[in-house]
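Quick notes on the structure that follows.
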Amino acid sequence: MGYGSDIARDCQMKVVEVTVVAKGNGTGNMTVQEGGIEVSAVTREALGKYRFKFKSKRLYLIGLTSVGFKATTPADLKGYTAVAEAIVTTGDPFYVEVTVYDSTFTAADLSATAQWGVFTFKFRETDRSS
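First residue of the sequence shown? That's 369 in this note's numbering, and the numbers climb one at a time after it.
Printed below as a string of structure tokens:
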């Protein structure tokens, strides 16, 4: 291969998007409804703070690229948002901690009465196999 081919190969990256739908459980762990292929569990660590435990390690988290909430009474979730905070790539399992905030910017749990979170994470894996 010619000059620069190693640089091009090193710059190739694979982007993986993982969407997780998890049902709130008040002060308990969330129940993974969809996304269980990649996520083994979503545990509650503190008020509004959830740990998404991934089955496989990813090299680099690009970000929590979208968050959505749904509920039997949608107005109950008005102003809710979420932020990815701690990202732990060492040890087993690899996890990302996400904190959910309500409309007053206070950490808030998703209740067990028909509240779900839809979280989409984007990861980058550097492909050095070619």
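We treat Cβ as the ideally placed atom computed from N, Cα and C, and that holds for glycine.
- By a C-beta neighbour count over all protein chains shown, 10 Å radius and 16 as the cutoff for buried, is L478 buried or exposed? Residue 478 sits at position 110 when you count from the first residue of the sequence shown. L478 sits buried, since 16 or more C-beta atoms from the chains shown fall within 10 Å of its C-beta.
- Does DSSP put L445 in a helix, in a strand, or in coil? Taking the sequence shown and counting its residues from 1, one reaches residue 445 at position 77. In the structure shown, L445 adopts helical secondary structure according to DSSP, grouped into three states.
- Message: Quick check on A454: buried or exposed, where buried means 16 or more other Cβ atoms within 10 Å of its Cβ?
- Response: Residue mapping note: residue 454 aligns to position 86 of the sequence shown, counting from 1. It counts as exposed.
- Task: Leaving aside the five residues before and after V383 along the sequence, list all residues of the same chain whose C-beta is less than 6 Å from its C-beta, in chain order.
- Result: Locating residue 383 in the sequence shown gives position 15, counting from the first residue. Counting only Cβ-Cβ distances below 6 Å, and skipping sequence neighbours, we find R492.
- Item | Residue of M398, K423 and P442 minimising C-alpha distance to D470 | For the purposes of this step, residue 470 is identified with residue 102 of the sequence shown, where counting begins at 1. Checked all of M398, K423 and P442; the closest Cα to D470 is P442.
- G473 versus L429, F489, V464 and V451, residue with shortest Cα-Cα distance: By 1-based counting over the sequence shown, the position of residue 473 is 105. Looking at the sequence provided, one finds Phe at residue 473 rather than Gly. Taking only the C-alpha atoms, the option nearest F473 is V451.
- Would you call A390 buried or exposed, if buried means 16 or more other Cβ atoms sit within 10 Å of its Cβ? Here residue 390 refers to the residue found at position 22 when the sequence shown is read from its first residue. Buried, by the Cβ-count rule.
- Message: Residues in the same chain with beta-carbon distance under 6 Å from S408, minus the five sequence neighbours each way, listed in chain order, please.
- Response: Walking along the sequence shown from the start, residue 408 turns up at place 40. Hits under 6 Å: K421 and K423.
- Task: Using three-state DSSP, classify A414 as helix, strand or coil.
- Result: Residue 414 sits at position 46 when you count from the first residue of the sequence shown. Looking at A414 - three-state DSSP - the assignment turns out to be strand.
- Query: What do you get for Y428, buried or exposed, if any count of 16 or more other CB atoms within 10 angstroms of its CB means buried?
  - Reply: As a position in the sequence shown, residue 428 is number 60, starting the count at 1. Y428 is exposed by the Cβ-count criterion.
- Query: Who does A450 pair with in a DSSP beta bridge?
  - Reply: Here residue 450 refers to the residue found at position 82 of the sequence shown. Answer is V468.
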